[in-house]
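The structure appears below as structure tokens.
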Amino acid sequence: MELKPTKTLSGFIELLPLQQRCFDECAARMQRVLKTAGFSHLDLPAIERAEVLTDKDNWDEIETQMFLFQKGDTKMGLRYDGTVGLSRYVAGHMNDLVFPFRAYQFARNYRGERPQRGRYREFYQMDLDIMGIDSLSENYDAEIVATLAAAYDSVAEFIGPVNVRIGNRRFWNAMFEYLNLTSEQCRSAFVLIDKKDKMDDFYDGLVETVGENAAVEINKVFSSGYRSFVGVSDALDSAIREMDEFMVLLDSMGIKNAQIDLGIMRGHAYYTGIVFEFFLDNFPELGAIGGGGRYEDLASKFSKTKIIGVGAAVGFSRLMVALMDENKIDLTPFMRPVRAAVLAMGAGQVPYAMRVVAALRANGITVVPYLDANKKFKNQIEFADKINADYSIIIGENERISEILAVKDMTAGTQQNLNLEQTINLLKTA
RNA sequence: GCGGAUGUAGCUCAGCUGGUUAGAGCGUUGGUUUGUGGUACCAAAUGUCGCCGGUUCGAAUCCGGUCAUCCGCCCCA
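Quick note on the working numbering: the first sequence kicks off at 1002 and runs consecutively.
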């Protein structure tokens, strides 16, 4: 009989238990930080109506980017990020939410594109957003950045320190207005600046699209700094002041590892103000490990009410999987998940062994019993060794009759006879 | 959609100037006297050498096609 394949589909991830424990611990810690900052957890459907996911009508084109399918007359698809569902949710439950509304998601998302390094077809993304109706102070932009920084900080012992670079769409809009660029030129300039770090002919490209004079000015932002544009126009002054105030606020929230970098654009998405990206100090070549920004109208597709927001997304799978693949995470804290293995030697010992197991578990001790009681002792202790149990609790006929336990320290190799209470005390103390 | 690389045991790979029964390490299972693991030794099981076709007396090995995977480009809502 032909066997079916055991490999996952291309672009899908599965972890071994050791890695999964690290993944889960980091996810839990980061979510704990967000909850402490008052963000509500949203657990939205993975499947949305196709019309919610896309405005395009050309299915052939969309299908290469998304997972879409049809049941009866209903076209639907898997969500590709957290924002679409969030927009729909907020617009649909506006009466029941309190604004400014803060929410986070930690969810799997799906993309149909061809997988590449760090780009998967199924991945976890952590989204956090603060939304207001009609208006929302820029102070929340700083809070989002500070909260995300705190979330990364909670897992710093695994991923190392991070830094955040902050850009500003409003600055560029003011700049392009000052330079009298056409909307076509603006769009090209946006793309060029976004890709600046990847290009070695950035300046030539600029000259080609916006002309030499404008190119000189734009380049000056990177060579001489944005402050050289103070006093050039009211709009530029306002944008520069906004950035300065933003940095002061970040500093007051304890964020020291932030800097202005006007090359940060976040693609050509819906952002309208501050944008930002986080990077790892120790692994900058991984690229942005999270980012976000301010958008002026989150839910215009769903509601006539103007919902303003500031949000961020963390590519959690990419971050963790890339680091683990490169052996950049020390996994030793996750190598010993089991405190004790309980070995029952002979079927007659199983009831007594299970009473011991229950008593230990009731005291919060992680215990795994080996219940193939007729297996040779060698196999049993080998099992205890392989799961890296700190202790083996050996229960044979002698132990059962005299109601004691042979407790073996698997690292030291020493063994002592203890009663149940003594065993609990030994295993509870780290 | 375009380009590069790779497909041999459960895993990582060797073999590839064509020549009988296809190799290693790891892993798995059993054993080295039956209540003591991590080390060592012995043994066993598992492959249509990705698929189709061509050249040849003979193909894992050479050629063509195809599919899959990985990497990069495009795209990234």
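Note that beta-carbon positions come from the ideal geometry of N, C-alpha and C, so glycine has one too.
Buried versus exposed, by CB contacts within 10 Å (16 or more), residue i
i: A1029; result: exposed
i: G1293; result: buried
i: G1365; result: exposed
i: E1213; result: exposed
i: L1281; result: buried
i: P1370; result: buried
i: I1194; result: buried
i: F1024; result: buried
i: T1412; result: exposed
i: S1318; result: buried
i: D1130; result: buried
i: K1245; result: Reading off the sequence shown, one finds Asp at residue 1245, where the question assumed Lys. Counting Cβ neighbours within 10 Å, D1245 comes out exposed, since fewer than 16 surround it.
i: F1230; result: buried
i: N983; result: Limits of the chain in this structure are 1002 at one end and 1431 at the other, which puts residue 983 out of reach.
i: S1088; result: buried
i: I1402; result: exposed
i: E1144; result: buried
Rounded C-alpha distance that separates residue i from residue j
i: A1270; j: L1251; result: 24 Å
i: V1211; j: D1198; result: 19 Å
i: E1437; j: M1321; result: The requested residue 1437 does not occur in the structure, where the chain is confined to residues 1002 to 1431.
i: R1171; j: I1241; result: 9 Å
i: A1150; j: Q1186; result: 35 Å
i: I1275; j: I1261; result: 10 Å
i: P1046; j: E1139; result: 30 Å
i: K1409; j: I1394; result: 6 Å
i: V1339; j: A1345; result: 17 Å
i: Q1117; j: Q1423; result: 54 Å
i: A1236; j: G1161; result: 38 Å
i: G1093; j: L1421; result: 57 Å
i: S1304; j: D1298; result: 10 Å
i: S1239; j: M1077; result: 44 Å
i: R1112; j: F1068; result: 7 Å
i: V1099; j: M1031; result: 24 Å
i: R1103; j: R1267; result: 22 Å
i: A1341; j: F1040; result: 38 Å
i: N1389; j: E1400; result: 23 Å
i: Y1081; j: V1053; result: 11 Å
i: S1136; j: N1096; result: 17 Å
Bridge partner(s) assigned by DSSP for residue i
i: A1314; result: D1128, G1292
i: A1345; result: I1396
i: E1049; result: G1078
i: F1070; result: M1077
i: Q1260; result: R1166
i: I1308; result: I1134
i: S1041; result: A1104
Beta strand (DSSP E) segment containing residue i, residue limits
i: T1273; result: 1272 to 1281
i: Y1371; result: 1368 to 1371
Range covered by the alpha helix (DSSP H) that runs through residue i
i: L1207; result: 1203 to 1211
i: A1021; result: Correcting the residue identity first, residue 1021 is Gln in this sequence and not Ala. Run containing Q1021: 1018 to 1037, per the alpha helix (DSSP H) assignment.
i: N1380; result: 1378 to 1387
i: M1254; result: Careful: M1254 lies outside any alpha helix (DSSP H) and carries neither H nor E.
Handout entry: Every unbroken beta strand (DSSP E) inside the region 1081 to 1150 [3 residues or more]
Key = 1102 to 1111, 1123 to 1134
Exercise for the section: Return the chain-ordered ranges of every alpha helix (DSSP H) run that is complete within the region 1400 to 1431 and spans a minimum of 4 residues. Expected result: 1421 to 1429
Exercise for the section: Quick one: which unbroken alpha helix (DSSP H) runs of 4-plus residues sit fully inside the region 1168 to 1201? Chain order, please. Expected result: 1170 to 1179, 1184 to 1195
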